[in-house]
Structure formats: C-alpha cells, structure tokens
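Have a look at the structure below, then the notes.
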Amino acid sequence: MSAEVLALTRWEWFKLRRRRLPWILLLVNVLLMQITFWASYGLYRAGDAITLGVDPSTGIVGAVPPEVLALPNSAVFGLLTSHGFLAMLIMILTAPVTAAGYRSGTTPPVRGVSDARWLFLASKLLLIMLLGAGATLVGTLSVTLSSQIAYAALEGGRGLAANAAWGEVIRTFAKVVYGLLPWICLAAFFAVLTKSTRIAIGLSIGYAVVESIVFESLAGFEWAERVSGFVMSWAIDDWLGSTEAQLASIGFGDDSSLGTAAAAAAQADALRGFLVSLAYIVVLSGLAFWLFQRRDIAGAKGE
Amino acid sequence: MTDVVIQTNALTKRYGRVLAVDRLSLEVPRGHVFGLLGPNGAGKTTVMGMLLGLVRPTSGSFSLLGTDGTGRDALRRIGAIVETPAFYPYLSGRRNLAYFQGVMGRNDPRELDRLLDLVGLAGRANDAFKTYSLGMKQRLGLAYALLGDPELLLLDEPTNGMDPAGMAEVRDLIRDLGSEGRTILLSSHLLNEVEQVCDSVAIIAKGRLVVQGDVADLLRPQEQVRLRTTDDAKALTILTAADEIEAARAEDDALVVTIAHERSSELTALLSKSEVYVTEIAPLQVSLEQYFLDVTGENGERSE
C-alpha cells in the first residue's frame, strides 16, 4: 500500500509541478517572509535606537540584536516567521489539488490500480505535506540568506555567538511542518465536502480568520481563555511556542521575563497544543477520507 | 472465460426522491458492442458510474469480467470515458496520457504514440489540453480509455461534440475495436450511431430496462414493405390468411405488410398465384429511432 501511495504521489507531483499555482505560492511565501524579516529588522533597529540606546562597547548606533542574525539563530527565526503565511498558502494549494480528484475522468484509472480511493487522497495529502516542508525550507533559506547579508553589514555583529544549536533548527522545522498538518486537513476536508476549489479555499481561510477574530475579541473572558487552548490556531501556536517567547529565546527581544516557571508552562502548553492539533488532524482527515471513499463522484467538478 | 462480461442484478440508484436507475438487470455478452440507449435522464451515465465504482448503488449488485465488480482485478481490465472527459487543462494531451499511464503503474511511450496516432491527435499531442476542441477532447478520452489495452470498454457518448467526419472515424474505430474481440458498452443518444455500431442494445427509460436484445432481432419484426396491387382488397384478404405473412394492413392507398425485405419475392409470388399483381413495392423499414420512440413512450409523450 505504501509503495502505491508513493507511486501515486510521484505522479501527483508530475502534474502539479507543471501548474503555475505552486510556484506562485512559493514566490509569495518567500516575498512575505522577506518583507517580514526586513520590516522586523528595520523596526527593531529603529526601536533599539530609541529605547535601548547605544552599545558603548561597539559604538554602533541602533545596534540590531546580532544573535538573531547569526546562524543558526537566523534559521530558527525564519522557520518561526514562516508558519503564519504558509498556513494560508498551503490551504490555497490543498483545495484545488484535492478537489481535482472529484473529476470523473481522473478517478477511474486510480480505481484501476486500487480498490481503495483513500490511496488517491493519501497521495495528495502526502504531496502537500512534502511541498509544505519544501516551502518552509526555501522560505527559511531565503530569510537566512537575508540575515547573513544584514549580519555582514553590521561591523559589530561579527564574532558574536549564536545561542541556538543546529538541533534547535531541526526541532523547529519539524514543529512548523507538523503545525501545517491541521490546516492541510482542514482544506482537504472542505474540498472533499464541497467538491469545489473556490468554496474550499473560502471556507478554510474564512475559518482561520473568523476563529482568530472571535477568540481575540473574547480574550477578556475567562471561559474564552480556557476554551482557546482547544481552538485550532491557538493550539498550533501553543505547539510552536508563543512567538514572543521563541523569538526572545534566540535574542530577538527581552527574554528577562522568561523564568523557569514560565518555561515549564510553555512546555505544558506545547504538549497540549500537540495533542489538540493531532485531534484536529485525525478528525478532519478521517472525515475527508471517509467522504472521499464513500461519496459518488460522477457529476462533480473539481478545478 | 465467461460468456457474460457485465451482469447487473436489480441494480438501483436513488438520489433522494429521484429514482435514477430502477432494478436494472442487464447482460452484456463477451465480444459484443453493446449499446445503452435511452432518452436524457434515463440513467445511462449513472449505470456507467456504478459499474466503475464512481457511484454507489442504492441496492442490487453487478459483476464485471466474472468478478463482483468491486475489486482491482476487474477495474484494471477496463477502459472508460464517463461524461465529458475531464483531463488536466494545463497538461498537454500526451502528458495527460502519460500521467494516467503512470498511475496505472506503467511507462510505455510507444503506447502513447500509437494511441495518439490511432485517435488522430499525433499532430496536437504536445498542445495543452485546454486548447483542444470538444471533439479533440473526446478523442483524447478514447485514447485514455484504450490505455493498457483493456478487454472491456465503457464509452459514454464518445462522439459527443464531434463533427460528422470525426463521428464517422470514431464509429469506425469502435467497430474495429469490437471486431478485435473487445467488449464495448456504448451509451449514446444518437440512435443511428447505435444502429450502425452495436451488435446488441438495451433501451432504458426512467431508469428501467425497456427491452434488450440484438439490434438485428429488435429490428427484424419491424421490417415491412409497402405495396400497391391491381386489387388491394383481394390482396389484403390473401395476405391476412397466409401463414407466412406476419401481419398486413391497409394504410392510405396502399398495403403495409410485415415481412423481411429479402422475402419480398415470396410475397409477389403468393399474390400472382391468385391473379393479383403487384404494381408497386418498396421497403418500409422502421428505424431504431422509431422503435426507440415507440418502446420508450417518448413518441407523442414529450409534453410530460
């Protein structure tokens, strides 16, 4: 079965790589990450000049936090900043890739190699996951490259040690890729449910936006605080670690507030975030597979 | 080797309140080009969908190529076009076929060349599918259905959208494929197409089987001749009494006699024995179309 899924995944890639959409989304991802990096860099420098003053040892006005620009900190920074964009972009890619499976013409040959349609959907989701991982890598490399340019431009930054290890890069990469899975499953579920690319994209992104807005606006209520840990986007944030804490840990900002107790709480949140995300992955993909396997295909239109 | 390639037993599909296919029991013999004929909405495409596992039957069962029809063994031996062929618009015709061939676990560029040539698309094989006319899409659909040299072909309106020359070519191709011993289930709303191409036919209306049999057998009872004689009244009496004449009636200023055309000489001989002479005789063949309209009740019931 796994060999069949891999073979189908290869052929999914055969056709998907000839579409413009994945390449456009990759370009958008890189652009957004670059904008974020340079905007953060610029804002930080401006803020640093105002609030942090001048580092007398270096004599550089508006010194940037050099730890962030040093490898492998810059890679961790790139990974953490990539997730938000990628979640949206990956949903835009998942919907058409999944909905296209509902075309009458595409399914008979797949039925020809297998009596289980789920292999077909599995190959699509596997490909999307691999592409998500690839896009994360490409985006991170681009940010790392930019950070190296910024690092080289700072005379005083040279020789400063990074406080993250390369192992942290691998761990963060795995966490970011895992954090994409609930969004992939959400978009796949909507695509299978509605059999329409456009509606699936609208519902997926709409869900993500509405969820954020609703729980942000209810943040003052205690019950909302309790529930928020089980909401998809918040659970994924918990899993990745709060942006502030993560960035502080690699030197971007003030990490003095992060005591041992806070670190332990963040770890507990991360575990809960992992489990809640897993529940979303299992339920949404389970529903998508069940529907994909059972529902009639004739007459449906994917794009 | 089984003699029946497709067998459906009380196959039923219901969409909510709509009964698309109603206890359909069909038998498609091996090596036949079998026509599935019915007015729009009769359930032809739904039947094809169920046979291919795209549509789940509400009840009933079917067998394909001697299996229960749900396993990969049978489906691997089937080629199909269902509805308008839906290929990937951004891929060329050749790459679309290569994709489907690859999904089937094979990689044979020569087969692609041969099939593209067979359906007359060799010159446009590298153009994007989205630039194809409907007729070209149908041709590509046919090439796709032939991938892997399947022993059973399910073709849903394969000439839809083609120009007359293209339709003739595809009909010739289907006949050739049928003559190679392949079994073909062809649904078409073009009655003359079924008449020209198919050995057997099942006519369905409102999801129900109306009649099934060999095209020649279905049409044979309908073969008639129209004749005028020197004494029509006497001729009608003679013909009505004759055992070898199935039916005879007066119609307008002539007689209409149900008899195979090749037996017309027997008719004239019979009458001449009684000194009634035929002054005019012409074949009056009821077309499959007329037959179809009669048996489906579509004739005169269009207002429903």
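Order-wise, the sequence lines are chains H and D. Sequence positions in the first sequence follow our numbering and run -10 to 292. Sequence positions in the second sequence follow our numbering and run 53 to 356. Ideal placement from N, C-alpha and C gives every residue a C-beta, glycine not left out. Everything numeric in this text was worked out from a predicted model, so none of it was measured.
- With fewer than 16 neighbouring CB atoms inside 10 Å of its own CB, D/Y329 falls in the exposed class.
- When 7 Å is used as the limit between beta carbons, D/Y184 is near no residue of chain H, the shortest such separation being about 13 Å.
- The C-alpha of D/L167 lies about 16 Å from the C-alpha of D/P137.
- Interface annotation for the region 5 to 17 of chain H against chain D: R7, R8, R9, criterion Cβ-Cβ distance under 8 Å.
- Per DSSP, the continuous alpha helix (DSSP H) segment holding H/E157 begins and ends at 155 to 183.
- Against chain H, a Cβ distance below 9 Å from D/G175 picks out nothing, because the smallest value is about 21 Å.
- A Cβ-Cβ contact shorter than 8 Å links D/S239 with D/K96.
- Closest in C-alpha terms to D/L288, from the list D/E298, D/L307, D/E275, D/G145, comes D/L307.
- Residues of chain D whose Cβ lies closer than 7 Å to the Cβ of H/W0 are, in chain order, Y151, G154, V155.
- Distance from the CA of H/L(-5) to the CA of H/L110, rounded to the nearest whole angstrom, comes to 12 Å.
- Segment contact: the region 213 to 225 of chain D against the region 151 to 169 of chain D, fewer than three CB-CB distances shorter than 8 Å; contact not assigned.
- Taking the CA atoms as reference points, H/S274 sits about 26 Å from D/Y151.
- With fewer than 16 other Cβ atoms from the protein chains shown falling within 10 Å of its own Cβ, H/W279 counts as exposed.
- In this structure, the CA atom of D/K189 is about 12 Å from the CA atom of D/E209.
- Excluding its 5 nearest sequence neighbours in each direction, H/S112 has C-beta neighbours in its own chain below 6 Å: V(-6), L(-3), T(-2), E1, listed in chain order.
- With respect to the 8 Å criterion, D/T292 and D/A285 are not classified as neighbours on the basis of their beta carbons.
- When only Cα atoms are considered, D/D74 and D/L63 end up about 7 Å apart.
- Counting only runs of 3+ residues, the beta strand (DSSP E) found wholly inside the region 255 to 317 of chain D occupies 260 to 266, 275 to 281, 299 to 303, 306 to 310, in chain order.
- Between H/E205 and H/S222, the C-beta spacing is not below 8 Å.
- D/G213 is outside the set of residues whose beta carbon lies under 8 Å from a beta carbon in chain H.
- D/T60 sits in a strand when the DSSP states are folded into three classes.
- Interface annotation for the region 58 to 90 of chain D against chain H: empty, criterion Cβ-Cβ distance under 7 Å.
- For D/L116, no chain H residue has a C-beta closer than 8 Å to its own C-beta; the minimum C-beta separation is roughly 11 Å.
- A direct Cα-to-Cα measurement between H/R9 and H/N18 gives close to 14 Å.
- Under the DSSP assignment, D/L206 falls in the beta strand (DSSP E) whose first and last residues are 204 to 208.
- Chain-order list of chain D residues neighbouring H/F3: Y151, G154, by C-beta distance under 7 Å.
- For D/V263, there are no C-beta contacts with chain H under 8 Å, since the nearest C-beta of that chain is about 25 Å from it.
- With its beta carbon at least 8 Å from every one in chain H, D/V171 lies outside the interface.
- Taking the CA atoms as reference points, H/L260 sits about 19 Å from H/V158.
- Under the 8 Å criterion on CB atoms, D/R108 is classed as interfacial with respect to chain H.
- Within chain H, no residue has its CB atom less than 9 Å from the CB of D/L205, the nearest being about 12 Å off.
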